[in-house]
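Shown next, in structure tokens, is the structure this report addresses.
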Amino acid sequence: MREQARQLTNRDIVTNTRALVADVRARVVDAKARVTDRNVVLSVQEYEKETEKPNIIFPLLIKPLNDKNSSLHPNRYWRGKAGANSATFGSSRSGGRRHAGRDLYGKELTTSIVAICDGVVLGRNAFFNQTDEVVILHTTNDGRKFIIRYAEVAPSSVAVRRGDNVIQGQEIAKIGALTPSITIDGRTTNMLHIEYYTGSEGFNLSKPLTDRNSSSEYRRRADVADPLDILIEGYANTFNVK
Ligand SMILES: [Zn+2]
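Numbered per the numbering used here, the sequence shown spans residues 47 to 288.
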């Protein structure tokens, strides 16, 4: 009887020990899983943060030639306040007209123009002095919707057509060569001429953007507006500076 009890006790000890070991193993596996899960969650959060697309980027991948403190164009800063110089929105043009966009100077047939956010191409047409325009309806990640006219682009470089979906950063064309050329600050100058439309006149081209009979000095559709804020936002994101 005593012998049997000892055997039972020994067997119980073995059983209990096995159960304990199994329990500890299970706890270790569970703890490891929790640690791994946590690391995965942290990694995913980190990844999403790092790869988060900005709402808007700059339409050029390099800083324009008429950027701040430009030696070539010291008085054509694209970011000047409206009307301050010929590159700005609202500056005077011949015949009492006012400039309906902003000019970002670059090198003809070389400087790439990219989509500032995702969108759909509404149209592509001839624009001015042998250059073309590409018109895109854009929608930002944070839900803003507006039309951008990318103009004075090289016709041979246009890489999109009406109806195409474009993604942020996609090259849509290159800066064109105005023909006849224009001279600014003593040198032949080419540029991206960029116009912004809020969409209050429609998110399509049923009403044309250019309206030569308009009573407005811009000779544009009534929802034309200064693209300055959008350009500043894009500049900060593309060049990582304010
Ligand atoms: Zn212009």
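Glycine residues also receive a C-beta, built at the ideal position from the N, C-alpha and C atoms.
**Report entry** Best match in I218, R57, V75, I194 for proximity to V271 [C-alpha to C-alpha]
**Finding:** For this step, residue 271 is matched to residue 225 along the sequence shown. The sequence as given places Ala at residue 271; Val does not occur at that position. Out of I218, R57, V75, I194, I194 has the C-alpha closest to the C-alpha of A271.
Report task. Along the beta strand (DSSP E) that carries T185, what are the first and last residues, could you check? Result -> The residue you call residue 185 lines up with position 139 of the sequence shown. Unbroken beta strand (DSSP E) run through T185: 178–185.
Query - For N115 and K191, the rounded distance between their alpha carbons - result: The sequence position of residue 191 within the sequence shown is 145, counting from 1. The sequence position of residue 115 within the sequence shown is 69, counting from 1. K191 and N115 have their C-alpha atoms some 33 Å from each other.
Query - Top-ranked residue by Cα proximity to F26, from R266, N286, T284 - result: Residue 26 falls outside the range modelled here, since the chain spans only 47 to 288, and no answer is possible.
Requested in this report: Tell me whether the beta-carbon of L111 lies closer than 8 Å to the beta-carbon of I159.
Outcome: For the purposes of this step, residue 111 is identified with residue 65 of the sequence shown, where counting begins at 1. For the purposes of this step, residue 159 is identified with residue 113 of the sequence shown, where counting begins at 1. No, they are not a contact pair.
Requested in this report: Kindly indicate the opening and closing residues of the beta strand (DSSP E) around N283.
Outcome: Indexing the sequence shown from 1 puts residue 283 at position 237. Per DSSP, N283 belongs to no beta strand (DSSP E); it is in the alpha helix (DSSP H), 274–285.
Report task. Could you tell me which of L255, A172, D210 sits nearest to P201, measuring between CA atoms? Result -> Mapped onto the sequence shown, residue 201 falls at position 155. With distances taken between Cα atoms, P201 lies closest to A172.
Query raised in the report: Taking only runs of the beta strand (DSSP E) that begin and end inside the region 132–170, which ones reach a length of at least 3 residues, in chain order?
Result: 148–152, 158–160
Requested in this report: Would you mind reading off the limits of the beta strand (DSSP E) that contains V199?
Outcome: Residue numbering aside, residue 199 sits at position 153 when the sequence shown is read from its first letter. Residues 191–199.
Report task. Run the proximity test for H239: is its beta-carbon closer than 7 Å to any non-hydrogen atom belonging to ligand 1? Result -> Reading the sequence shown from its first residue, position 193 is the one you call residue 239. The answer is yes for H239.
Query raised in the report: Within 7 Å: the Cβ of H145 and any heavy atom of ligand 1?
Result: Taking the first residue of the sequence shown as position 1, residue 145 is located at position 99. Yes.
Report task. Indicate whether I213 and E154 have their beta-carbon atoms separated by less than 8 Å. Result -> Position 167 of the sequence shown, counted from the first residue, corresponds to residue 213. Position 108 of the sequence shown, counted from the first residue, corresponds to residue 154. The answer is no: Cβ separation not under 8 Å.
**Report entry** Under 8 Å between C-beta atoms of L251 and G169
**Finding:** By 1-based counting over the sequence shown, the position of residue 251 is 205. By 1-based counting over the sequence shown, the position of residue 169 is 123. Their beta carbons are under 8 Å apart, which means L251 touches G169 by this criterion.
Query raised in the report: Considering K220, what are the terminal residues of the beta strand (DSSP E) in which it resides?
Result: Taking the sequence shown and counting its residues from 1, one reaches residue 220 at position 174. Note, K220: beta strand (DSSP E), 217–220.
**Report entry** DSSP-derived helix/strand/coil call for N236
**Finding:** Residue numbering aside, residue 236 sits at position 190 when the sequence shown is read from its first letter. Correct three-state label for N236: strand.
Report task. Could you check which residue in Q176, I102, A223, N283 has the C-alpha nearest to that of D188? Result -> By 1-based counting over the sequence shown, the position of residue 188 is 142. Measuring from the Cα of D188, the nearest candidate turns out to be I102.
Query raised in the report: Are there 16 or more other CB atoms within 10 angstroms of the CB of S203, so buried, or fewer, so exposed?
Result: Position 157 of the sequence shown holds residue 203. So S203 ends up on the buried side.
Query - Closest Cα partner of H184 within the set I228, Q216, H119 - result: Mapped onto the sequence shown, residue 184 falls at position 138. With distances taken between Cα atoms, H184 lies closest to Q216.
Query raised in the report: Is T272 near ligand 1, with its Cβ less than 7 Å from a heavy atom?
Result: Mapped onto the sequence shown, residue 272 falls at position 226. Per the sequence presented here, residue 272 reads as Asp, with Thr not at that position. Checking the Cβ of D272 against ligand 1 gives no.
Query raised in the report: Using DSSP with H/G/I as helix, E/B as strand and the rest coil, what is A172?
Result: Position 126 of the sequence shown, counted from the start, is the residue given in the question as residue 172. Three-state result, A172: strand.
Report task. On a CA-only basis, which of T244, Y264, A128, F104 is nearest I278? Give me that one, please. Result -> One-based indexing of the sequence shown puts residue 278 at position 232. Looking at the Cα atoms, F104 is the closest of the given residues.
Report task. Please list, in chain order, all residues of the same chain as I108 whose beta carbon is under 8 Å from its beta carbon, the five residues on each side excluded. Result -> Translated into the one-based positions of the sequence shown, residue 108 becomes position 62. Excluding sequence neighbours, I108 sits near G152, T157.
Query - Inter-residue CB distance, L247 and A268 (contact presumed, cutoff 8 Å) - result: Numbered from 1 along the sequence shown, position 201 holds the residue referred to as residue 247. Numbered from 1 along the sequence shown, position 222 holds the residue referred to as residue 268. A quick correction: the sequence has Glu, not Leu, at residue 247. Contact between E247 and A268 is confirmed by a C-beta separation of about 6 Å, below the 8 Å threshold.
Report task. Quick one: using the 10 Å Cβ neighbour count with 16 as the cut-off for buried, is I276 buried or exposed? Result -> Against the sequence shown, residue 276 aligns to sequence position 230. Per the 10 Å Cβ criterion, buried.
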